[in-house]
Amino acid sequence: MNLLKNIKIRGKLFIIILLSAIALLIVGIQGINGLSAISKGSELIYQGQLIPNQLFAKLRANSLEIDANNFELMVTEDDSINDQLQKNIEEKNEDNKTAMEQIDKLDLPENVKEKYETFKTEYTKLQNASTNMLNLTVENKNKEAYAVYLKDVESQKTSVNKLLDEIQSLNSENAKTIYQQDKKDAGSIIMLLIIVIAAALILSISCGLLMTRLIVRPIKEIQRLFAQTEQGDFTVEGTYQSKDEVGMLTASFNQMVAGVRSIIETVGETSHQVAASSQQLSASAEESTKASEYISSTIQELASGSERQAESVESSRTIIKGMTEFAGRISSNAEKAASTAGESAQMSIAGTKAIEKVGAQMTSINETVVSLSEAFKHLSDRSDEIGKITEVITSIAEQTNLLALNAAIEAARAGEQGKGFAVVADEVRKLAEQSAHSAEQITKLIAIIQNDTKETMNTVISATGEVKEGLVVVNEAGGAFRKIENSIKEAVAQINNVTDLVRNLTAGTNEIETAISGVQEVAVSAAESTQTVSAATQEQLASMEEIASSAQILAQNAEELQHLIEKFKIKN
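Counting the sequence shown from 1 gives a position; our numbering is that position plus 1.
Right, here's the structure in full:
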């Protein structure tokens, strides 16, 4: 299972196609082998039994007719009739010669071939005896001819007919053996095809369901995680681990969530520091204002308390210096938060690109599923071709049945001597009917294969729907990334505002420090110019008011930033 999880989605779909192709190949090979075996058996019966029996029946019928003509010659004195009878005998002998030449060209079984060689020897003897009898009949020596018939022709005729009966009996047994073997082979082939088809269907459907589960379930899990992050919950984490596209997407999602969570924590801490610093700054500004007011009230006593005033100014200068340093730390933290937020924005952009890549992969998957549908269409076409082959076999069986019927008619014409051939013709007819029945069963199996192929195509179509749902999920994930990116941009804008305010605050404290230095100089030289000290004090009061205003704005921005951060859940 872990090995399948780590395979790319394209590879998983290729496994389904490969298994289906192998199953189709096995079914096709088994079907072709079975049809070839049945066709070979039919051809063997036709070439090895049916045609030879027709020729042997012709030999028997011609021999009977020759024998009848010989008898008629012995009792007929009409020359014209005798000439016609002799002509008939010559034609039948020539016909028998042609039939035997055709038999010699056939590939007969060994047991039939041995009997046939004996038959040719005996038939030659019969021909010689018949020729002697015919010569005597032509010379009107009918008694001598009849004596030759009783002595030589009749015994040879009995021997030849006996051999023909044995040959026909052997052909019948051979045909029956082939018929039984073909029947057995047809049953085995049908059972094997049923087993192979059932196994292929079970394997293909199981593999298809397994691959669909491996693809769809993790995508739905990612959809659920994105829905939670869209609501501001950044405590979620994907648990699916694999080396395929979905596993890579899950890993990227976890990295993105961790990065955003870290940014939110940093921004939260910075906002708290900014709020605290603004409160301290307000307190310091209030103290500085009071100090300035105190300085202003004691200007009249400057001459007598210049030393005390110098100490107060020095104290104010120290406070302002501390404020300047604190404002510097605030500025540094704000810049750090801005940098971190920028990194988060880059990570969000990278996440959006990853989603686009996954979308492209899902599109490729959709194209692969369409290719799979085309492969199953080809499977249906191959099944149609097998059906056409079955129709050819059915046609051969019908032709064989027709030949068997013709052979039965010939056997009926031969009378008692054709009974053995009639048995063979009947066996051939049964075999033809069995072949037609087997072809019909194969046709039904082909129909089952086509039906199962349609069901598998429906499964592929369902998988196509799942892939389209995956595309919708990826698009929703992209939307979630864009919302996160917009939120981060808003946070970056707030941090930049804080940074600008802190810079203004720093500039104000620097001005205050400069003013305090001026006050110190005035205090030292208070005797020289009390008016200058008064002006410096007024300037200090104005600066303190500006600092207080900036601190209030900074506190408001920090509070707004904290409200934005509270929308995100970063801890369980």
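Every residue, glycine too, gets a C-beta built ideally from N, C-alpha and C.
Non-local beta-carbon contacts of Phe-120 in its own chain, meaning distances under 8 Å to residues more than five positions away in sequence, involve Val-161, Leu-164, Leu-165 and Ile-168 in chain order. Rounded to whole angstroms, the gap between the alpha carbons of Phe-235 and Glu-470 is 25 Å.
Nearest neighbour of Ile-548 by Cα position, chosen from Ile-264, Glu-399, Glu-222 and Glu-287, turns out to be Glu-287. Pairwise C-beta distances place the stretch 133-146 out of contact with the stretch 109-117, as fewer than three of them are shorter than 8 Å. Considered as a whole, the stretch 65-121 harbours 80-106 as its complete alpha helix (DSSP H) runs of no fewer than 4 residues, in chain order. Asp-427 carries a helical assignment under DSSP once its states are collapsed to helix, strand and coil.
Ranked by Cα distance from Val-217, the first of Asn-54, Tyr-241 and Ile-447 is Tyr-241. The continuous alpha helix (DSSP H) containing Tyr-147 extends over residues 143-149. The alpha-carbon separation between Lys-152 and Glu-66 amounts to approximately 20 Å. For the pair Ala-413 and Asn-452, the Cα-to-Cα distance works out to about 48 Å. Under the criterion of beta carbons closer than 8 Å, Asn-255 and Glu-238 qualify as touching, at roughly 6 Å. The alpha-carbon separation between Lys-114 and Leu-14 amounts to approximately 60 Å. Residue state for Asp-245 is assigned as coil, using DSSP reduced to three classes. Cβ-Cβ separation between Leu-60 and Asn-97: approximately 5 Å, consistent with a contact (criterion under 8 Å).
According to the DSSP assignment, Ile-216 belongs to the alpha helix (DSSP H) that extends over 155-231.
Ala-277 and Ala-556 have their C-alpha atoms roughly 8 Å apart. Only exposed fits Asp-501, as fewer than 16 other CB atoms lie within 10 angstroms of its CB. According to the DSSP secondary-structure assignment, Asp-501 is paired through a beta bridge with no residue.
Ranking Thr-271, Leu-26 and Ile-39 by CA distance to the CA of Gln-435 puts Ile-39 first. Around Thr-77, the same chain offers Asn-83 and Leu-86 as residues with beta carbons nearer than 8 Å, after the five sequence neighbours per side are excluded. The shortest C-alpha to C-alpha distance from Gly-480 to any of Ala-448, Thr-395 and Lys-354 is the one to Lys-354. At least 8 Å separates the beta-carbon of Ile-397 from that of Gly-32. Three or more beta-carbon pairs separated by less than 8 Å link the stretch 15-28 to the stretch 193-202, which places the two stretches in contact. Around the beta carbon of Asn-558, 16 or more other beta carbons lie within 10 angstroms, which makes this residue buried.
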